[in-house]
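The structure under discussion appears below in the form of structure tokens.
Number of protein chains: 2
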Amino acid sequence: MAKEKKAIIVGAGLAGSLWAVYLAKEGYKVTIYERRPDIRQAEISAGKSINLALSVRGWTALKAAGIEEEVKEIAIPMPGRIMHSLDGELTYQPYGKDGEAIYSVSRGHLNAIMMQLADDNGAEIHYNTKCINADTKAGIVHLESQDGEKFDDSADVVFAADGAFSAVRYNAFQKQNRFDYMQDFIDDGYKELLLLANEDGSYRIDKNALHIWPRGRFMLIALPNEDGSFTCTLFMPFEGENSFESIKNDEDVKNFFKTTFPDFYEMMPNLVENWHEHPLSSLSIIRCSPWTSGKMALIGDAAHATVPFYGQGMNASFEDCYVMYNLMKKHNENWDEVFKEYNERKPDGDALQDLSVHNYHVMRDFVGDPMFLLQKKIEAKFSAAHPDKWMPLYSQVSFSNIRYSEAWNTGMKQDALMKRVMDKPNIEEIWDSKEIEDEILSLIG
Amino acid sequence: MAKEKKAIIVGAGLAGSLWAVYLAKEGYKVTIYERRPDIRQAEISAGKSINLALSVRGWTALKAAGIEEEVKEIAIPMPGRIMHSLDGELTYQPYGKDGEAIYSVSRGHLNAIMMQLADDNGAEIHYNTKCINADTKAGIVHLESQDGEKFDDSADVVFAADGAFSAVRYNAFQKQNRFDYMQDFIDDGYKELLLLANEDGSYRIDKNALHIWPRGRFMLIALPNEDGSFTCTLFMPFEGENSFESIKNDEDVKNFFKTTFPDFYEMMPNLVENWHEHPLSSLSIIRCSPWTSGKMALIGDAAHATVPFYGQGMNASFEDCYVMYNLMKKHNENWDEVFKEYNERKPDGDALQDLSVHNYHVMRDFVGDPMFLLQKKIEAKFSAAHPDKWMPLYSQVSFSNIRYSEAWNTGMKQDALMKRVMDKPNIEEIWDSKEIEDEILSLIG
């Protein structure tokens with residue numbers, strides 16, 4: 117009889133539960149330890165009705181795990197974004213070509229579906245069980261149950277999918293010699309608000325779009341939910357002018373929204389209550405290396421938690437699973453070899469951070485800049501005429517499975533090239549001329 | 117009667133013991149908790165007979181604490197460095213102007229002197245007592261004695277001087293929201309070797325110099341000890357060609373030294389024993405922010421541990437004490453105000469890292485490059501002629517109290533300017549001409 121294949125996964129969040137589906141389907145006896153109660157029974161954590169944007173990388177990984185169809189049922193396509201100006205004017209920008217879209221999905225709902233599928237395939241999920249520490253060499257995790265009982269479990273292979281504040285990374289990986297680690301908080305915090313559906317259950321604003329109210333140093337975004345509501349997020353600096361700190365009382369809240377997001381303000385009768393119900397949260401990026409140690413690997417946010425400005429956090433985590441799955445097949449479940457090659461994904465984790473931080477600055481500082489919008493228009497036109505020579509960075513990231521590191525490098529080269537094009541004094545007149553097209557062609561070489 | 121002023125210092129290393137001297141002299145009841153046994157009685161940790169280079173910043177801080185004279189007695193001046201080429205040729209380069217030198221001091225001896233002075237001034241040192249965690253808001257440290265007894269202590273002001281692997285930073289600061297943190301290991305490790313004195317107690321090589329055997333990707337350095345010996349350090353990559361990994365047995369050790377450091381090899385009959393006696397250690401830099409939280413401040417390596425390539429780790433730590441002391445005077449011991457302004461030193465911590473990593477690359481890749489040496493010669497000549505217009509970066513860092521951040525900025529500007537000068541096709545012929553002097557003058561503007 118073949119030896120039973122056993123794996124432990126720490127954390128039943130998005131990465132952990134998807135990876136459990138993969139492993140369970142491959143015949144592994146999967147044991148998951150999850151700090152929180154069963155998300156399928158418990159209320160989703162208060163004030164955090166997070167919506168995420170699923171794009172091609174995520175779909176690729178879901179498909180390979182055989183659960184694409186189940187997720188499609190709860191996903192709302194957003195083929196473009198709608199910008200809300202101060203005077204209420206709406207501008208629509210498609211994200212990609214016809215038929216391309218990113219998809220709004222509820223984090224909780226998606227997670228529950230994947231847990232159910234892991235369960236159905238035989239994975240064993242222990243809720244309310246906290247991982248305290250780990251011995252990476254021996255493959256042992258030290259656990260604590262809800263009633264304070266401490267116990268250990270071990271396996272030949274262990275995956276730490278315990279999120280941005282990963283206990284395995286923090287208590288085991290970070291104490292190792294030569295483990296590089298960085299946690300960097302950005303200056304902005306965020307607060308979520310729930311824009312309810314109309315009384316008849318219909319959407320108050322266009323369902324099939326990601327809505328943005330860009331206001332320079334701060335912005336509001338909204339993603340559709342299945343029930344007609346929108347999950348909205350205000351990103352703003354913690355301190356300084358126009359900051360969370362500067363909003364001191366209910367009057368300040370009302371005035372801020374009335375003057376900065378007037379159309380949104382009109383739709384939100386329960387604004388002040390909403391403001392108090394939702395916590396103010398911080399945003400950080402994590403870079404670390406290596407992602408494996410002994411019998412353990414970090415996957416998802418534990419390896420590369422990021423800021424949400426490119427909508428790639430979940431997609432990158434799902435891609436981790438997809439990459440790991442392919443390596444597992446390639447190396448015939450020789451985990452030493454799998455882990456060795458999995459670390460070659462580290463440049464993609466770094467590029468994910470570069471992309472996300474870059475887009476934070478783009479959305480903050482450039483999204484309303486006419487010259488930036490013109491540049492994007494020139495790129496789109498050139499790309500449509502020469503799809504083999506130019507894929508816009510956003511499309512590489514969101515509508516392809518090109519490695520993040522490659523996308524980032526290509527994107528930076530495109531940007532340098534476009535700087536030269538945009539430097540032409542009369543670019544605003546000649547932007548859609550043959551001259552510009554030829555110039556780009558010659559610069560590409 | 118005035119309220120007793122109480123301070124806790126975690127760690128009796130270089131920063132902790134110097135800061136204890138300052139505080140004790142100012143009338144504080146100082147309690148120090150030190151993980152290790154009393155360095156004055158115990159042997160200095162095996163294999164780590166570390167020597168450090170004391171320069172102006174360090175002396176400034178020691179002088180302000182009133183202990184300059186005590187330290188001078190054990191310090192060996194090194195006015196320049198001696199480079200050992202492969203064929204045994206020696207080249208001398210002064211570090212600064214006449215009368216300027218950096219000083220070799222034994223870490224253990226220096227530490228013992230400062231502990232004694234702290235003790236003499238009334239500080240209470242608890243050895244073999246480990247800090248496990250801290251409550252920064254309340255000013256409480258959680259401690260554990262050698263026999264496992266756990267207890268707490270508290271004070272109005274607490275200083276974490278517990279080194280690169282600071283438990284206070286790790287367990288209290290890093291778990292705070294919005295605490296930025298980075299630990300980055302460089303690709304090189306190091307191993308120390310002890311070059312013994314001649315049998316008559318005399319030095320085998322020039323006592324008054326820092327000796328370097330630069331070999332491109334790796335190097336050996338030696339600093340004099342008081343007893344005629346030299347503490348030598350080999351810096352080399354962990355992996356790859358010419359790496360610690362590539363030296364597998366005693367024959368490899370001998371061959372490596374015989375072919376790469378032949379003159380050194382001749383002086384070291386006990387090379388192989390020495391190689392095995394000393395551990396292979398890693399090198400990392402720490403950046404974090406903020407340096408204070410509630411009633412606690414990080415000082416020394418706990419705030420900004422660095423690589424040793426600019427010889428500034430200890431000097432920066434002593435400067436922390438000097439800066440803190442001046443702020444304490446300025447704000448009349450209002451520690452909230454002191455801590456607030458102490459955080460303005462953070463750019464200097466960052467510049468310390470930039471300088472140290474920069475010098476790592478310089479020593480590794482450029483120190484033998486004729487064009488680099490020519491550039492330094494041009495700079496030295498110009499600086500001698502126009503001391504008001506140009507202070508070489510090394511002098512700003514080692515022979516002045518100019519802020520690290522200012523030195524780094526000036527140094528980078530000088531470097532950019534010198535690139536333009538060095539780009540002249542005939543620079544090797546005209547380097548000491550009036551034309552070049554005038555050109556630099558005009559570039560400075």
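Here the protein sequences line up with chains A and B, keeping their order.
Sequence positions in the first sequence follow our numbering and run 117 to 561.
Sequence positions in the second sequence follow our numbering and run 117 to 561.
Heads up, the beta-carbon is just placed ideally off N, CA and C, and yes, glycines get one too.
Remember, predicted model here, so these are calculated numbers, not experimental data.
Strand pairing of residue i, partner residues [DSSP]
| i | result |
| --- | --- |
| B/Gln209 | B/Arg197 |
| B/Met412 | B/Val274, B/Ser409 |
| A/Glu240 | A/Thr147 |
| B/Phe267 | B/Leu259 |
| A/Lys535 | According to DSSP, which records beta bridges pairwise, A/Lys535 is partnered with nothing at all. |
| A/Asn167 | A/Ser222 |
| B/Val126 | B/Tyr149, B/Ala276 |
| B/Ala250 | B/Val257 |
Helix, strand or coil at residue i according to DSSP, with G and I counted as helix
| i | result |
| --- | --- |
| B/Asp485 | coil |
| B/Glu159 | Low local confidence applies: a pLDDT of 48 at B/Glu159 is under 50, so the model's placement there is unreliable, and no value is given. |
| A/Ser568 | Here chain A comprises residues numbered 117 to 561, so residue 568 of chain A is not present and cannot be evaluated. |
| A/Ser359 | coil |
| A/Met117 | Low per-residue confidence applies at A/Met117: pLDDT is 49, beneath 50, and the placement is therefore not dependable enough to give any value. |
| B/Arg403 | strand |
| A/Ser397 | strand |
| B/Lys505 | coil |
| B/Ala191 | coil |
| A/Glu216 | coil |
| B/Thr245 | coil |
| A/Ala181 | coil |
| B/Gly174 | helix |
| B/Gly204 | coil |
| B/Met528 | helix |
| A/Met231 | helix |
| B/Pro102 | The structure shown has nothing for residue 102 of chain B, since chain B only spans 117 to 561. |
| A/Asp548 | coil |
| A/Asn390 | helix |
| B/Met383 | helix |
Contact belief for residue i with residue j at Cβ below 8 Å, rounded distance in angstroms
| i | j | result |
| --- | --- | --- |
| A/Val172 | A/Ser514 | 6 Å |
| B/Asn431 | B/Gly174 | 4 Å |
| B/Gly127 | B/Ala277 | 4 Å |
| B/Met383 | B/Arg331 | Their Cβ separation, rounded to whole angstroms, is 17 Å, which puts B/Met383 and B/Arg331 out of contact at 8 Å. |
| A/Ile241 | A/Ile148 | 5 Å |
| B/Ile155 | B/Asn227 | 6 Å |
| A/Val146 | A/Ala239 | 4 Å |
| B/Ser398 | A/Arg294 | 5 Å |
| B/Cys437 | B/Ala177 | 5 Å |
| A/Glu359 | A/Phe425 | It should be noted that the sequence gives Ser, not Glu, for residue 359 of chain A. A/Ser359 to A/Phe425, Cβ: 18 Å. No contact. |
| B/Ala288 | B/Asn249 | 6 Å |
Near the ligand GTP: residue i beta-carbon under 8 Å from a heavy atom
| i | result |
| --- | --- |
| A/Asp470 | Among the ligands in the structure shown, none appear at all, so the ligand GTP cannot be discussed. |
At least three beta-carbon pairs within less than 8 Å, the region 190-198 of chain A to the region 325-334 of chain A:
yes
Could you name each continuous beta strand (DSSP E) segment of 3 residues or more that falls completely within the region 289-352 of chain A, going from the start of the chain to the end? Counting whole runs of 3 or more residues, the region 289-352 of chain A contains the beta strand (DSSP E) stretches 296-311, 326-330, 335-340.
Three CB pairs or more closer than 8 Å across the region 416-426 of chain B and the region 282-291 of chain B: yes
_I want to know whether the region 286-306 of chain B touches the region 183-193 of chain B - three or more CB-CB distances under 8 Å._
no
My parser needs the alpha helix (DSSP H) runs of 4 or more residues fully inside the region 412-483 of chain A; what are they? The region 412-483 of chain A contains these whole alpha helix (DSSP H) runs: 417-420, 429-446, 451-458, 462-477.
The region 132-140 of chain B contacting the region 527-536 of chain A, beta-carbon criterion three pairs below 8 Å: no
Exercise. Counting pairs of Cβ atoms below 8 Å between the region 361-370 of chain B and the region 490-500 of chain B, do you hit three or more?
Worked result: no
Three or more C-beta pairs under 8 Å: does that hold for the region 500-514 of chain B against the region 438-456 of chain B?
No contact exists between the region 500-514 of chain B and the region 438-456 of chain B.
Discussion item. Any contact between the region 312-323 of chain A and the region 287-304 of chain A? By contact I mean 3 or more CB pairs, one from each, below 8 Å.
Written reply: no
>> Could you check whether the region 244-253 of chain A touches the region 400-412 of chain A, counting it as contact only if at least three pairs of C-beta atoms, one from each stretch, sit closer than 8 Å?
In response: yes
- Quick one: any contact between the region 536-553 of chain B and the region 453-464 of chain B, if contact means 3 or more CB pairs under 8 Å? no
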